[in-house]
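Residue numbers (the numbering used here): 138 to 649. For reference, the structure discussed in these notes is given below.
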Ligand code: AHR
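As structure tokens, this is what we get:
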């Protein structure tokens with residue numbers, strides 16, 4: 138009998154050891170220097186599927202609060218997460234967009250075919266004025282991408298004059314006739330998009346010369362110094378970065394990087410909601426690749442720009458899956474699960490920890506497209522698990538990065554393994570410290586014991602985003618299935634902090 142009890146006790150202990158682990162984290166609060174730019178928390182809105190039309194910009198007949206045709210419930214949700222900037226009009230669409238078609242009386246605006254996204258007719262009712270009105274309602278900075286692929290140097294130059302010049306010219310007169318007396322002073326300016334692909338299939342050598350031509354005539358008007366952002370590499374194209382840095386160097390404010398987390402392959406990306414644990418782990422492995430890519434691109438940039446004057450701008454990132462069954466394949470509409478939230482939390486931790494070089498980023502795309510923050514259905518809106526991550530992480534915006542050291546345990550299935558935990562930390566202007574922790578392990582609780590060096594604090598509070606399964610979603614029937622709740626798993630003993638992270642969780646702690 139005694140032997141049986143002993144075996145049972147041993148088995149119970151073994152199971153509970155298997156189901157939980159402990160790891161140690163050090164947060165260094167001595168003399169933090171790097172600021173986590175709030176622009177890392179930026180978003181992207183392209184004329185694609187239902188992002189602009191039926192997302193931000195709805196028909197007059199739609200029964201929702203609106204300013205002009207801009208949906209105000211969407212605006213309120215994005216203001217809550219302090220959206221710092223919004224990228225527009227694309228994407229691939231930017232390199233076939235002609236801005237003059239989108240100004241003036243709406244009924245007189247010419248239509249065009251959106252050849253990249255389903256050959257739908259674009260009526261140009263949402264153009265420059267409407268986008269900038271949206272940014273002003275959101276209280277965010279506009280980030281406009283000019284047309285290098287099918288446009289001209291003159292067209293881009295004149296758009297900037299229309300936007301930013303305060304003096305007398307035919308274009309500023311036209312702007313006034315169209316209802317805007319003062320310039321908008323737009324500063325974030327993309328010189329083309331994916332010029333290696335949908336933006337013109339250019340080589341990096343050819344693009345460098347194009348950038349210089351376009352940038353020469355993209356003028357800095359008083360109070361509107363442009364932050365020119367060059368088309369950067371597609372994922373791991375390190376040669377692109379090398380050539381652009383060599384040829385353009387510090388003449389650009391930023392170099393963009395596009396990288397999407399594709400669970401399977403580009404031909405069959407995998408479902409947004411129906412996947413097993415193996416596919417979940419592969420997805421997170423691909424998401425974590427962002428860290429390696431930023432490190433390698435930054436190392437190349439350091440060669441030409443050791444003072445890190447040029448920013449790395451990850452202006453397209455996120456998970457890209459197959460579209461929802463039954464929806465237009467060209468509209469890229471996908472659901473958003475707890476897995477998406479874990480992708481967001483992990484990627485934002487990576488960006489924070491690289492904020493000496495990464496000073497801007499844009500999740501693709503805000504509403505109804507790819508890894509969205511918001512989904513809409515008629516007059517209903519739904520906040521996705523990804524939205525809630527941005528809500529919790531907003532505390533890092535413009536705070537000082539606190540360097541960390543973490544030896545994460547592995548999360549292993551079959552022969553695949555990834556670090557189970559990722560973390561970033563910052564200190565805001567009031568002295569409060571925020572630590573964002575992600576536990577990717579699907580079954581193990583992980584206890585993180587933290588030593589805080591150079592930080593004195595008295596209290597800890599936290600919030601958590603989690604759910605039973607990585608496939609769990611918010612739906613229009615159950616919109617609050619996944620949302621932040623109070624986290625009770627953190628405690629202080631002496632100056633040590635202990636946090637028990639449940640499996641599949643994102644936790645943000647505040648220490649005061
Ligand atoms: O975000 C969808 C598309 O992905 C963008 O239009 C393009 O830049 C990228 O290839």
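Glycine residues also receive a C-beta, built at the ideal position from the N, C-alpha and C atoms.
{"Query": "Label residue 533 either buried or exposed according to how many other C-beta atoms from any shown protein chain fall within 10 Å of its C-beta, with 16 as the threshold for buried.", "Result": "buried"}
{"Query": "Please state whether DSSP places residue 483 in a helix, a strand or coil.", "Result": "helix"}
{"Query": "When the Cα atoms are used, what is the spatial distance from residue 449 to residue 562?", "Result": "20 Å"}
{"Query": "When burial is assigned at 16 or more other CB atoms within 10 Å of the CB, is residue 214 buried or exposed?", "Result": "buried"}
{"Query": "Got a sec? Which residues, its chain only, sit under 7 Å from residue 189 by beta carbon, not counting five neighbours each side?", "Result": "182 and 263"}
{"Query": "Let me check understanding here. Comparing Cα to Cα, which of 275, 228 and 545 lies closest to residue 217?", "Result": "275"}
{"Query": "Flag this pair as yes or no: are the beta carbons of residue 278 and residue 348 separated by less than 9 Å?", "Result": "no"}
{"Query": "Alpha carbon to alpha carbon, how far is residue 251 from residue 257? Give it in angstroms, no decimals.", "Result": "5 Å"}
{"Query": "Could you have a look at residue 597 and say whether DSSP puts it in helix, strand or coil?", "Result": "strand"}
{"Query": "Looking at the strands, I want to know which residues DSSP matches up with residue 441.", "Result": "According to DSSP, residue 441 bridges with nothing at all."}
{"Query": "Could you check which residue in 440, 592, 641 and 253 has the C-alpha nearest to that of residue 606?", "Result": "641"}
{"Query": "Given this structure, state the Cα-to-Cα distance separating residue 491 from residue 300, to the nearest angstrom.", "Result": "32 Å"}
{"Query": "How big is the Cα-Cα spacing for residue 598 and residue 558?", "Result": "20 Å"}
{"Query": "Let's test the definition: count the other Cβ atoms within 10 Å of the Cβ of residue 604 and tell me whether it reaches 16, buried, or not, exposed.", "Result": "buried"}
{"Query": "Who are residue 326's beta bridge partners in DSSP?", "Result": "281 and 365"}
{"Query": "Residue range of the alpha helix (DSSP H) that residue 448 falls in?", "Result": "Taken as a continuous stretch (DSSP letters only), residue 448 belongs to no alpha helix (DSSP H), being part of the beta strand (DSSP E) at 448-456."}
{"Query": "Please report the distance separating the alpha-carbon of residue 359 from that of residue 296.", "Result": "16 Å"}
{"Query": "Have a look at residue 548 and residue 404 and give me their C-alpha separation to the nearest angstrom.", "Result": "28 Å"}
{"Query": "The ligand AHR heavy atoms versus the CB of residue 360: any closer than 8 Å?", "Result": "no"}
{"Query": "For residue 194, report the span of its alpha helix (DSSP H) as first-last.", "Result": "Counting along the chain, residue 194 falls outside any alpha helix (DSSP H), and DSSP gives it neither H nor E."}
{"Query": "Helix, strand or coil: which one does DSSP assign to residue 224?", "Result": "strand"}
{"Query": "For the ligand AHR, any of its heavy atoms closer than 8 Å to the Cβ of residue 506?", "Result": "yes"}
{"Query": "Would you decide whether residue 247 is buried or exposed? Buried here means 16 or more other CB atoms lie within 10 Å of its CB.", "Result": "exposed"}
{"Query": "How close, in whole Å, do the beta carbons of residue 344 and residue 368 come, if the pair is a contact with beta carbons under 8 Å?", "Result": "6 Å"}
{"Query": "Please classify residue 572: is it buried, with 16 or more other beta-carbons within 10 angstroms of its beta-carbon, or exposed?", "Result": "buried"}
{"Query": "Please report the residue range of the alpha helix (DSSP H) in which residue 173 lies.", "Result": "No alpha helix (DSSP H) holds residue 173; DSSP gives it neither H nor E."}
{"Query": "If you check the beta carbons only, do residue 523 and residue 478 fall under 9 Å apart?", "Result": "yes"}
{"Query": "I'd like to confirm something about residue 533: is its beta-carbon nearer than 8 Å to some heavy atom of the ligand AHR, or not?", "Result": "no"}
{"Query": "Given this structure, state the Cα-to-Cα distance separating residue 207 from residue 195, to the nearest angstrom.", "Result": "6 Å"}
{"Query": "Going by beta carbon distance, what residues of the same chain come within less than 6 Å of residue 506, once the five residues before and after it are set aside?", "Result": "185, 186, 188 and 469"}
{"Query": "Using CA atoms only, rank isn't needed, just tell me which of 455, 432 and 425 is closest to residue 556.", "Result": "425"}
{"Query": "For residue 586, verify whether its CB is less than 8 Å away from any heavy atom of the ligand AHR.", "Result": "no"}
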